[in-house]
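Taking it in order: structure first as structure tokens, then the write-up.
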Amino acid sequence: MPAPITLTDAAATRVGAIAAKQGRAAILRLSVEGGGCSGFQYKFDLDDAAADDDSVSETDGVKLVVDPVSLELVAGSVVDFVESLGGAAFRVENPNAAAGCGCGSSFGI
176 MPAPITLTDA AATRVGAIAA KQGRAAILRL SVEGGGCSGF QYKFDLDDAA
226 ADDDSVSETD GVKLVVDPVS LELVAGSVVD FVESLGGAAF RVENPNAAAG
276 CGCGSSFGI
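Using the numbering used here, you'd call the opening residue of the sequence shown number 176 and step up by one each time.
Listed below in structure tokens is the structure:
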């Protein structure tokens with residue numbers, strides 16, 4: 176069974192660098208909250224451990240964890256880290272999103 180959500184190599188490298196700088200575990204938590212200009216918004220945090228009911232995927236030793244409620248909204252997504260002239264950010268390519276905003280940090284279903 177494929178992972179319900181995937182972390183790209185670029186995102187794993189960035190999370191690993193941030194975690195090492197802060198002296199923390201390389202675990203990125205993705206959650207979804209109400210709000211943003213399209214109804215829902217993505218939230219990223221470093222975490223110290225995965226919860227028992229989290230979905231966990233791993234890329235190059237970096238774990239991406241998602242709680243069950245958020246997973247319903249982001250299943251099948253790819254989390255990437257992109258750098259451009261406008262800045263650098265984690266970006267979620269969410270196949271479940273029917274609408275999104277220009278900044279890529281919020282979405283609607």
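Cβ coordinates follow ideal geometry from the N, Cα and C atoms, glycine included.
Note that the structure is predicted; figures quoted are calculated from it, not measured.
DSSP links Glu-208 through a beta bridge to Gln-216.
Looking at the DSSP output, Glu-258 shares a beta bridge with Ala-263. For Thr-183, no alpha helix (DSSP H) segment is defined, and its DSSP state is neither H nor E.
Contact between the region 187-205 and the region 217-232 is present: 3 or more CB-CB pairs across the two stretches fall below 8 Å.
By the C-beta density criterion, Asn-269 is buried, having at least 16 other C-beta atoms within 10 angstroms. Relative to the Cα of Glu-208, the nearest Cα in the group Ala-273, Leu-248, Ser-259 and Arg-266 belongs to Leu-248. Per DSSP, the beta bridge partners of Leu-203 are Leu-221 and Leu-239.
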